[in-house]
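I have placed the structure first, in the form of structure tokens, so that the comments after it can refer back to it.
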Amino acid sequence: MGKKVTVVVSLRPAEFIHEIVLSGLKMNRRDFIQSALAGALLPAAPLSPPEWYDRPMRWAQLAFVEDDPGNYDQAFWLDYFTRVHADAACLSAGGCVAFYPTKIPLHYRSRWLRNSDTFGDLVRGCRELGMNVIARTDPHAVHQDVYAAHPDWIAVDATGKKRKHWADPDLWVTCALGPYNFDFMTKVTEEIVTLYKVDGIFSNRWAGSGMCYCEHCRQNFKDFAQMDLPRTNDPQNAARRTYMVWHQQRLFELWRLWDAKIKAINPNAAYLANAGGGALSELDMSIIGQLAPTLFADRQARHGVNPPWTNGKNAKEYRATMGHKSIAGIFSVGLEEDYRWKDSVQSADEIRLWVADGIAQGLRPWFTKFNAKPIDRRWLPVVAELYQWHFDNSRYLRNEEPLANIAMVYSQQTAAFYGAEKAHTKVEDHALGFYHALVEARIPF
Ligand SMILES: [Zn+2]
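421 is the number of the first residue of the sequence shown in this note's numbering; add one for each residue after it.
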């Protein structure tokens, strides 16, 4: 008879205890300790418990740039994560650029990676701090070798031309609805979860970059609708209306596929789409509310004439379909204007204002830093101060109930079918006016 051995691994003693029960082991206590010390028994990364999604209160994201491997200071970031009480991390793993030694053909590795495992090393460091870790993938673009091997994976514009990337002339834009995502990125997702047992995969720009007329989209739409892809954005057009249904179905099919593949490897992990929003969101928020165990609003900073309350508005919109599930607000520390530059740093008050408005409406803060070699460090103490305040007041920031008796309704159907290409002026502007009036009148809603 084998013994039942219970190992209690304390990831963060104050908040929860993570138990791993190993049964049927034929070993005594001494053997067990020795093998555990040798790393032979315990998995390198113990799985987070099921439904870990509500645990993290403060997120940290490092979005690597290609030359980060070997050139950035990992210890600096782990120290910063500790100091700011970050309890979850989102780290760049693969897709457009891989930051780990992938074995998948055509999965482009950072040219600075050499024999190292930049992603894996930081995952381990974060785990040792008791953080939850999710991996970021970015499937929206590929290099020339992918184009050469699978030209059909590249997005095609209305004139039939394959699409070059708008910002990087070395890259091609991918089709989100064909085999690049459904086959290739599924393999990438499985490899990352298998190797690192991460708590989830967070995909950036996974839903495509506008209308695609590639051979797969043309054929798949024809099979679905017995029509050609629409050439107009007019929702009164029958093909366009049908396309809106098909496009959404296809993306939710991809969401469910990735989630199932992830759960087959790590049942306590999930696909965490970078998706969602208010009236102008292209995916049905009620379906997202059912599928997503947690959701992150990717509105990194103000731009143009956005009022300061725009960040909190995301929280209210998410809350409408996410109920009490945890939601986080991704904020950047740089300028998000037309001259968007990820190494820039906004004023301290601008960062404070944006983050505080999100927190006030229920978003848990998530800072994102592109380029792990910080040039301008003025934001570091500002975020540390915000996170320290958040940590000190955490007990007031859970299990809240709204006190409002007033609600604002948003309708994705109105935006899609009435507003269409003019949804900003025909739908959103009016909603923003009501929103502002309620804020000014200090009426909770
Ligand atoms: Zn396509």
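Don't be surprised by glycine CBs; every beta carbon is placed ideally from N, CA and C.
Values in this document were obtained by computation on a predicted structure and should not be read as measured data.
- Message: Just to confirm the assignment, what range does the alpha helix (DSSP H) spanning S706 have?
- Response: Residue mapping note: residue 706 aligns to position 286 of the sequence shown, counting from 1. Element bounds for S706: M705 to L711.
- Task: Take the Cβ of Y633 as the centre, count every other Cβ of all protein chains shown within 10 Å, and call the residue buried at 16 or more, exposed below.
- Result: Translated into positions along the sequence shown, residue 633 becomes position 213. Result: buried.
- Should C510 be counted as a contact of ligand 1 given a C-beta to heavy atom distance under 7 Å? On the sequence shown, position 90 is the one that residue 510 refers to. Incorrect: C510 has no Cβ contact closer than 7 Å to ligand 1.
- Message: Cutting at 8 Å between CB atoms, please list the residues of its own chain near F854, excluding the five before and the five after it.
- Response: Position 434 of the sequence shown, counted from the first residue, corresponds to residue 854. Correct list, in chain order: M828.
- Pick from F641, L783, L703 and L715 that is closest to G732, judged by C-alpha positions: The residue labelled residue 732 in the question sits at position 312 within the sequence shown. Measuring from the Cα of G732, the nearest candidate turns out to be L783.
- Query: Is any heavy atom of ligand 1 found at a distance shorter than 7 Å from the C-beta of H898?
  - Reply: What the structure shows of the chain is the stretch from 421 to 865, and residue 898 is not part of that stretch, so it cannot be assessed.
- Item | P463, DSSP secondary structure in three states | Taking the first residue of the sequence shown as 1, we reach residue 463 at position 43. Any reading at P463 needs caution, since the residue's pLDDT is 46, under 50, leaving its predicted position unreliable; the model's value is listed next. P463 falls in the coil class under three-state DSSP.
- Taking just the CA atoms, how far does S701 sit from G743? The sequence position of residue 743 within the sequence shown is 323, counting from 1. The sequence position of residue 701 within the sequence shown is 281, counting from 1. G743 and S701: Cα-Cα distance of roughly 18 Å.
- At a cut-off of 7 Å, is C595 close to ligand 1 when judged by its beta-carbon and the heavy atoms of the ligand? Along the sequence shown, one-based indexing puts residue 595 at 175. Yes, since a heavy atom of ligand 1 falls inside the 7 Å radius drawn around the Cβ of C595.
- Query: Can you tell me whether W479 is buried or exposed, with buried defined as 16 or more other CB within 10 angstroms of its CB?
  - Reply: What you label residue 479 is simply residue 59 of the sequence shown in a count that begins at 1. Under this definition W479 is a buried residue.
- Message: Could you check if G580 belongs to the surroundings of ligand 1, using beta carbon to heavy atom distance under 7 Å?
- Response: Taking the first residue of the sequence shown as 1, we reach residue 580 at position 160. No, ligand 1 has no heavy atom inside 7 Å of this Cβ.
- Query: Looking at C-alpha atoms only, which residue of D590, A506 and L615 is the closest neighbour of K523?
  - Reply: Walking along the sequence shown from the start, residue 523 turns up at place 103. Answer by Cα proximity: L615.
- Output the boundary residues of the beta strand (DSSP E) element that contains V553. As a working note, residue 553 is residue 133 in the sequence shown. Unbroken beta strand (DSSP E) run through V553: N552 to D558.
- Task: Whole angstroms is fine: what's the gap from W786's alpha carbon to P687's?
- Result: By 1-based counting over the sequence shown, the position of residue 786 is 366. By 1-based counting over the sequence shown, the position of residue 687 is 267. Answer to the nearest angstrom: the Cα atoms are 25 Å apart.
- Message: Please state the DSSP three-state secondary structure of Q720.
- Response: In the sequence shown, the residue the question calls residue 720 occupies position 300. Note: Q720 maps to coil in three-state DSSP.
- Query: Where does I795 sit, in a helix, a strand or coil, going by DSSP?
  - Reply: Looking up residue 795 in the sequence shown gives position 375. I795 falls in the coil class under three-state DSSP.
- Alpha-carbon to alpha-carbon, D654 and M477: Translated into the one-based positions of the sequence shown, residue 477 becomes position 57. Translated into the one-based positions of the sequence shown, residue 654 becomes position 234. Going by the C-alpha atoms only, they are around 42 Å apart.
- C-alpha distance - F484 paired with L806, whole-angstrom precision: Within the sequence shown, residue 484 is the residue found at index 64, counting from 1. Within the sequence shown, residue 806 is the residue found at index 386, counting from 1. Distance between the alpha carbons of F484 and L806 is about 23 Å.
- Drop a sphere of 10 angstroms on the beta-carbon of T788, count the other beta-carbons inside from all chains shown, and report buried for 16 or more, exposed for fewer. Reading the sequence shown from its first residue, position 368 is the one you call residue 788. Its Cβ being crowded by 16 or more others within 10 Å, T788 is buried.
- Message: Which same chain residues end up closer than 6 Å to V859 when comparing Cβ atoms and leaving out the 5 residues on each side of it in sequence?
- Response: For the purposes of this step, residue 859 is taken as the residue at position 439 of the sequence shown. Closer than 6 Å at Cβ, skipping near neighbours: W729.
- Message: Could you compute how far the alpha carbon of E756 sits from the alpha carbon of A658?
- Response: Numbered from its first residue, the sequence shown carries residue 756 at position 336. Numbered from its first residue, the sequence shown carries residue 658 at position 238. Each residue's alpha carbon lies about 37 Å from the other.
- Message: Just checking S824 against ligand 1 - is the residue's beta carbon closer than 7 Å to any of the ligand's heavy atoms?
- Response: Counting from one through the sequence shown, the residue named residue 824 turns up at place 404. For the record, residue 824 in the displayed sequence is Ala; it is not Ser. Checking every heavy atom of ligand 1 against the Cβ of A824, none is found closer than 7 Å.
- Message: At a cut-off of 7 Å, would you count A645 as near ligand 2, judging by its Cβ distance to the nearest heavy atom?
- Response: Absence of ligand 2 is noted for the structure shown, with ligand 1 being the only ligands found.
- Query: Which of helix, strand or coil does DSSP assign to S530?
  - Reply: The sequence position of residue 530 within the sequence shown is 110, counting from 1. DSSP places S530 in coil when its eight states are reduced to three.
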